[in-house]
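In UniProt numbering, the protein residues as written are 1 to 188.
In C-alpha coordinates form, the structure reads like this:
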(Lines of atoms letter the chains of each structure in order from A and count residues from 1; the text may use other names and numbers.)
(Lines give C-alpha, C1' and ligand atoms only; values in the text may rest on other atoms or scores of the structure.)
Protein backbone atom coordinates (compact mmCIF):
# COMPACT_ATOMS: atom_id res chain seq x y z
CA UNK A 1 0.00 0.00 0.00
CA UNK A 2 1.39 3.40 -1.05
CA UNK A 3 1.50 6.21 1.42
CA UNK A 4 1.55 9.78 0.33
CA UNK A 5 2.32 12.93 2.21
CA UNK A 6 -0.68 14.52 3.87
CA UNK A 7 -1.98 17.64 2.08
CA UNK A 8 -0.71 19.88 4.90
CA UNK A 9 2.81 18.54 4.39
CA UNK A 10 2.68 19.30 0.65
CA UNK A 11 1.40 22.82 1.37
CA UNK A 12 4.21 23.41 3.84
CA UNK A 13 6.73 22.11 1.30
CA UNK A 14 5.29 24.40 -1.39
CA UNK A 15 5.35 27.44 0.91
CA UNK A 16 8.91 26.61 1.91
CA UNK A 17 9.99 26.35 -1.74
CA UNK A 18 8.31 29.68 -2.54
CA UNK A 19 9.98 31.34 0.45
CA UNK A 20 13.36 29.94 -0.65
CA UNK A 21 12.80 31.20 -4.20
CA UNK A 22 11.85 34.67 -2.91
CA UNK A 23 14.91 34.79 -0.65
CA UNK A 24 17.30 33.78 -3.46
CA UNK A 25 15.64 36.09 -5.98
CA UNK A 26 15.88 39.09 -3.66
CA UNK A 27 19.51 38.33 -2.85
CA UNK A 28 20.34 38.13 -6.59
CA UNK A 29 18.14 41.00 -7.77
CA UNK A 30 20.80 43.72 -7.83
CA UNK A 31 23.26 41.42 -9.61
CA UNK A 32 20.60 40.44 -12.18
CA UNK A 33 19.67 44.10 -12.76
CA UNK A 34 23.35 45.01 -13.22
CA UNK A 35 23.81 42.19 -15.74
CA UNK A 36 20.70 43.13 -17.70
CA UNK A 37 21.55 46.84 -17.53
CA UNK A 38 25.00 46.19 -19.04
CA UNK A 39 23.42 44.30 -21.90
CA UNK A 40 20.48 46.59 -22.69
CA UNK A 41 22.13 49.87 -21.69
CA UNK A 42 19.28 51.17 -19.51
CA UNK A 43 18.77 50.72 -15.77
CA UNK A 44 15.02 51.34 -15.88
CA UNK A 45 14.55 48.75 -18.62
CA UNK A 46 16.75 46.34 -16.68
CA UNK A 47 14.62 46.78 -13.55
CA UNK A 48 11.45 46.18 -15.59
CA UNK A 49 12.89 43.07 -17.22
CA UNK A 50 14.03 41.59 -13.90
CA UNK A 51 10.58 42.31 -12.44
CA UNK A 52 9.01 40.52 -15.42
CA UNK A 53 11.35 37.61 -14.78
CA UNK A 54 10.20 37.46 -11.17
CA UNK A 55 6.54 37.43 -12.21
CA UNK A 56 7.19 34.76 -14.81
CA UNK A 57 8.69 32.47 -12.15
CA UNK A 58 6.14 33.36 -9.47
CA UNK A 59 3.18 32.45 -11.68
CA UNK A 60 4.42 29.02 -12.73
CA UNK A 61 5.23 25.93 -10.72
CA UNK A 62 8.62 26.07 -9.11
CA UNK A 63 11.42 24.40 -11.02
CA UNK A 64 13.93 22.18 -9.30
CA UNK A 65 17.47 23.25 -10.14
CA UNK A 66 20.75 22.56 -8.41
CA UNK A 67 21.87 26.15 -7.99
CA UNK A 68 18.94 28.58 -8.13
CA UNK A 69 21.06 31.74 -7.98
CA UNK A 70 23.10 30.69 -11.03
CA UNK A 71 19.94 29.68 -12.87
CA UNK A 72 18.35 33.07 -12.16
CA UNK A 73 21.43 34.90 -13.45
CA UNK A 74 21.39 32.83 -16.63
CA UNK A 75 17.67 33.58 -17.07
CA UNK A 76 18.35 37.30 -16.55
CA UNK A 77 20.99 37.21 -19.28
CA UNK A 78 18.58 35.40 -21.59
CA UNK A 79 15.77 37.88 -20.94
CA UNK A 80 18.16 40.71 -21.86
CA UNK A 81 19.01 38.98 -25.13
CA UNK A 82 15.32 38.40 -25.86
CA UNK A 83 14.65 42.08 -25.22
CA UNK A 84 17.44 43.14 -27.59
CA UNK A 85 16.11 40.80 -30.27
CA UNK A 86 12.60 42.22 -29.96
CA UNK A 87 13.98 45.76 -30.04
CA UNK A 88 15.96 44.92 -33.18
CA UNK A 89 12.83 43.56 -34.80
CA UNK A 90 10.87 46.66 -33.82
CA UNK A 91 13.54 48.93 -35.26
CA UNK A 92 13.62 46.97 -38.52
CA UNK A 93 9.85 47.10 -38.83
CA UNK A 94 9.53 50.77 -37.91
CA UNK A 95 12.45 52.03 -39.92
CA UNK A 96 12.78 49.33 -42.56
CA UNK A 97 16.55 49.36 -41.98
CA UNK A 98 16.69 52.42 -44.16
CA UNK A 99 18.38 55.56 -42.83
CA UNK A 100 16.27 58.69 -42.60
CA UNK A 101 16.50 60.41 -45.94
CA UNK A 102 14.70 63.53 -47.03
CA UNK A 103 12.06 62.80 -49.62
CA UNK A 104 13.36 63.78 -52.99
CA UNK A 105 11.16 64.04 -56.00
CA UNK A 106 14.02 62.92 -58.23
CA UNK A 107 14.03 59.34 -56.81
CA UNK A 108 13.67 56.78 -59.53
CA UNK A 109 11.50 53.70 -59.07
CA UNK A 110 14.35 51.52 -60.36
CA UNK A 111 16.67 52.81 -57.63
CA UNK A 112 14.02 52.03 -55.01
CA UNK A 113 13.59 48.53 -56.42
CA UNK A 114 17.34 47.92 -56.34
CA UNK A 115 17.58 49.23 -52.77
CA UNK A 116 14.79 46.84 -51.74
CA UNK A 117 16.61 43.95 -53.40
CA UNK A 118 19.85 44.90 -51.67
CA UNK A 119 18.05 45.02 -48.34
CA UNK A 120 16.59 41.55 -48.89
CA UNK A 121 20.04 40.19 -49.75
CA UNK A 122 21.59 41.72 -46.62
CA UNK A 123 18.76 40.44 -44.40
CA UNK A 124 19.18 36.94 -45.84
CA UNK A 125 22.94 37.10 -45.22
CA UNK A 126 22.35 38.16 -41.61
CA UNK A 127 19.84 35.36 -41.03
CA UNK A 128 22.42 32.86 -42.32
CA UNK A 129 25.04 33.98 -39.79
CA UNK A 130 25.68 32.04 -36.58
CA UNK A 131 23.49 33.32 -33.74
CA UNK A 132 26.32 34.91 -31.74
CA UNK A 133 27.71 36.72 -34.80
CA UNK A 134 24.26 38.05 -35.72
CA UNK A 135 23.66 39.15 -32.12
CA UNK A 136 26.99 41.03 -31.99
CA UNK A 137 26.23 42.71 -35.31
CA UNK A 138 22.78 43.83 -34.10
CA UNK A 139 24.14 45.10 -30.80
CA UNK A 140 26.72 47.20 -32.62
CA UNK A 141 24.87 48.39 -35.71
CA UNK A 142 21.29 48.61 -34.47
CA UNK A 143 21.74 49.37 -30.77
CA UNK A 144 24.95 51.40 -31.09
CA UNK A 145 26.95 49.39 -28.56
CA UNK A 146 30.73 49.67 -28.68
CA UNK A 147 32.87 46.57 -29.14
CA UNK A 148 34.18 46.81 -25.57
CA UNK A 149 30.62 46.96 -24.17
CA UNK A 150 29.56 43.95 -26.23
CA UNK A 151 32.66 41.99 -25.20
CA UNK A 152 32.02 42.67 -21.52
CA UNK A 153 28.28 41.88 -21.73
CA UNK A 154 28.83 38.63 -23.63
CA UNK A 155 31.93 37.49 -21.77
CA UNK A 156 34.16 37.63 -24.85
CA UNK A 157 37.41 39.36 -25.68
CA UNK A 158 37.21 42.52 -27.74
CA UNK A 159 39.24 40.73 -30.40
CA UNK A 160 36.58 38.00 -30.63
CA UNK A 161 33.87 40.65 -31.03
CA UNK A 162 35.90 42.30 -33.80
CA UNK A 163 36.24 38.96 -35.59
CA UNK A 164 32.50 38.33 -35.37
CA UNK A 165 31.85 41.83 -36.76
CA UNK A 166 34.27 41.27 -39.64
CA UNK A 167 32.48 38.02 -40.45
CA UNK A 168 29.09 39.76 -40.40
CA UNK A 169 30.27 42.70 -42.51
CA UNK A 170 31.95 40.37 -45.02
CA UNK A 171 28.70 38.42 -45.34
CA UNK A 172 26.74 41.63 -45.93
CA UNK A 173 29.23 42.84 -48.55
CA UNK A 174 29.24 39.45 -50.28
CA UNK A 175 25.44 39.44 -50.41
CA UNK A 176 25.55 42.73 -52.33
CA UNK A 177 28.10 41.40 -54.83
CA UNK A 178 25.86 38.53 -55.89
CA UNK A 179 24.50 38.96 -59.41
CA UNK A 180 21.11 40.68 -59.37
CA UNK A 181 18.11 38.47 -59.96
CA UNK A 182 16.17 39.08 -63.14
CA UNK A 183 12.72 40.53 -62.87
CA UNK A 184 10.26 38.37 -64.82
CA UNK A 185 9.15 39.89 -68.09
CA UNK A 186 12.18 42.19 -68.42
CA UNK A 187 14.84 41.81 -71.04
CA UNK A 188 18.41 41.25 -69.79
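Positions of the beta carbon are idealized from the N, C-alpha and C atoms, including for glycine.
Segments of 4+ residues assigned as alpha helix (DSSP H) that fall wholly inside the segment 17-69: 43-59
Determine the extent of the alpha helix (DSSP H) in which residue 116 is found, giving its start and end residues. 109-128
What separation, rounded to the nearest whole angstrom, lies between the Cα atoms of residue 268 and residue 72? Only positions 1 to 188 of the chain appear in the structure, and residue 268 is not among them; the question remains open.
Do residue 20 and residue 49 have their C-beta atoms closer together than 8 angstroms? no
Counted within 10 angstroms of its Cβ, other Cβ atoms place residue 56 as buried (16 or more) or exposed: exposed
Counting along the chain, where does the alpha helix (DSSP H) carrying residue 176 start and finish? 158-177
With a 10 Å radius around its C-beta and 16 neighbouring C-beta atoms as the bar for buried, classify residue 37 as buried or exposed. buried
Where does residue 73 sit, in a helix, a strand or coil, going by DSSP? helix
Please report the distance separating the alpha-carbon of residue 51 from that of residue 74. 15 angstroms
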